[in-house]
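**Student:** To start, I am sharing the structure in question, which I have written as structure tokens.
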Amino acid sequence: MSAVCEPDIHRLPNLQAVVKETLRLRMAIPLLVPHMNLHDAKLGGYDIPAESKILVNAWWLANNPAHWKNPEDFRPERFLEEDAKVEASGNDFRYIPFGVGRRSCPDIILASPKGSNAFSISMSTR
Ligand code: HEM
Numbered sequence: 000m001s002a003v004c005e006p007d008i009h010r011l012p013n014l015q016a017v018v019k020e021t022l023r024l025r026m027a028i029p030l031l032v033p034h035m036n037l038h039d040a041k042l043g044g045y046d047i048p049a050e051s052k053i054l055v056n057a058w059w060l061a062n063n064p065a066h067w068k069n070p071e072d073f074r075p076e077r078f079l080e081e082d083a084k085v086e087a088s089g090n091d092f093r094y095i096p097f098g099v100g101r102r103s104c105p106d107i108i109l110a111s112p113k114g115s116n117a118f119s120i121s122m123s124t125r
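Reminder that position 72 of the sequence shown reads as 71 in numbering that gives the first Met the number 0, one-by-one numbering, no gaps.
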């Protein structure tokens with residue numbers, strides 16, 4: 000029996016789903032880190048003056064029952080079934096445990112299964 004190694008991660012969809020579900024339900028940084036807008040902005044009908052402190056409630060985005068089926072349940076299968084296309088990369092604003100955009104967490108490369116795979120490939124080709 001051979002050992003399971005990092006390059007195998009892309010062949011372990013259940014493991015990926017468990018990691019994603021853990022990060023959804025028990026988000027490490029539920030309000031992300033504070034951001035600031037440089038210019039006046041309008042968002043969802045609200046006026047946001049320049050230099051406001053912005054806290055994004057990423058936990059609520061990932062646990063809002065209006066957008067998730069039984070969000071209080073630990074159910075990794077959701078990431079294999081109805082939410083199979085959702086990635087932490089920011090392709091779906093309901094799920095941003097690493098933030099999104101230019102100031103998002105650089106560790107997403109290592110921590111997310113897809114990134115981890117890309118990382119192992121880049122290391123093995125050196
Ligand atoms: C599962 C583990 C981790 C999670 C869930 C996580 C999550 C986050 C979040 C939510 C942010 C704020 C993003 C935003 O506000 O848009 C952040 C920022 C950051 N994280 Fe992580 N992080 C993790 C691990 C790490 C590790 C291991 C490192 C370093 C090796 C790291 C380095 C950073 C840095 C440098 C920033 C600031 C990026 C910037 O402001 O440009 N993170 N992380």
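Ideal Cβ positions, reconstructed from N, Cα and C, are used throughout, including at glycine.
#1: Would you report the Cα separation of residue 8 and residue 21, rounded to the nearest angstrom?
#2: Helix, strand or coil: how does DSSP classify residue 42 here?
#3: Would you kindly work out how many angstroms separate the C-alpha atoms of residue 45 and residue 54, rounded to a whole number?
#4: Does the Cβ of residue 73 have 16 or more other Cβ atoms within 10 Å, making it buried, or fewer, making it exposed?
#5: Could you say if the segment 57 to 67 and the segment 29 to 49 meet the contact criterion of at least three C-beta pairs nearer than 8 Å?
#6: Between residue 95 and residue 86, what straight-line distance do the alpha-carbon atoms span, to the nearest angstrom?
#7: Under the three-state reduction of DSSP, which class applies to residue 19: helix, strand or coil?
#8: At a threshold of 7 Å, does residue 98 count as lining the ligand HEM (C-beta to nearest heavy atom)?
#9: Can you list, in chain order, the stretches of the alpha helix (DSSP H) that have 4 or more residues and sit fully within the segment 79 to 114?
**Tutor:** Well, looking at it:
#1: 17 Å
#2: strand
#3: 15 Å
#4: exposed
#5: yes
#6: 8 Å
#7: Residue 19: helix per DSSP, three-state reduction.
#8: Residue 98 Cβ: within cutoff of the ligand HEM.
#9: Fully enclosed alpha helix (DSSP H) runs of 4 or longer: 107 to 110.
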